[in-house]
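*Asks:*
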Amino acid sequence: MANSLWTIEEFTCPGCSMDYTATREEHDEPHSGHFKCSICSGVVHSWSGKHHFFGWQPVKTKPQVFGRRWAGVRW
Ligand SMILES: [Zn+2]
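Residue numbers (the working numbering): 323 to 397.
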């Protein structure tokens, strides 16, 4: 349908900082659901409203430039 709108959103697990992406799809009817972390089983994102998420997957190729590994570096 021409009126479908997909948006890829990113989420970070509050428990273990694992990053995930999911595709958000706008709907005319309300949906609800949640995604759980595959590592620590914590709920990373839950929603309720006129949209739905699918395509939940961990981010495996995230660049490390902005990662925590650099946070403690002292020159
Ligand atoms: Zn986690």
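Beta carbons are placed, not taken as given, at the ideal position from N, Cα and C, and that holds for glycine.
It should be emphasised that the depicted structure is a prediction, and the values quoted were computed from it without experimental measurement.
(1) Run through DSSP, which three-state label would Ser354 get?
(2) In this structure, how does DSSP classify Pro336 when only helix, strand and coil are distinguished?
(3) So, under 8 Å CB-CB, Gly336 and Ser360 are touching, yes? Tell me the CB distance rounded to an integer number of Å.
(4) Does the beta carbon of Ile361 fall short of 7 Å from some heavy atom of ligand 1?
(5) Would you tell me roughly how many angstroms separate the C-alpha atoms of His349 and Cys362, rounded to the nearest one?
(6) Measure the alpha-carbon distance for Trp378 versus Phe357 and round it to whole angstroms.
*Replies:* Based on what the coordinates show:
(1) By 1-based counting over the sequence shown, the position of residue 354 is 32. The answer is strand: DSSP assigns Ser354 an E or B state.
(2) Walking along the sequence shown from the start, residue 336 turns up at place 14. Three-state DSSP puts Pro336 in coil, outside helix and strand.
(3) Taking the first residue of the sequence shown as position 1, residue 336 is located at position 14. Taking the first residue of the sequence shown as position 1, residue 360 is located at position 38. This sequence places Pro at residue 336; Gly is not what is there. At roughly 14 Å, the Cβ-Cβ gap does not stay under 8 Å, so Pro336 and Ser360 are not in contact.
(4) In the sequence shown, the residue the question calls residue 361 occupies position 39. For ligand 1, at least one heavy atom lies less than 7 Å from the Cβ of Ile361.
(5) To locate residue 349, count along the sequence shown from 1; it is residue 27. To locate residue 362, count along the sequence shown from 1; it is residue 40. Taking the straight line from one Cα to the other gives about 30 Å.
(6) The residue given as residue 378 occupies position 56 in the sequence shown. The residue given as residue 357 occupies position 35 in the sequence shown. Each residue's Cα considered, the two are about 7 Å apart.
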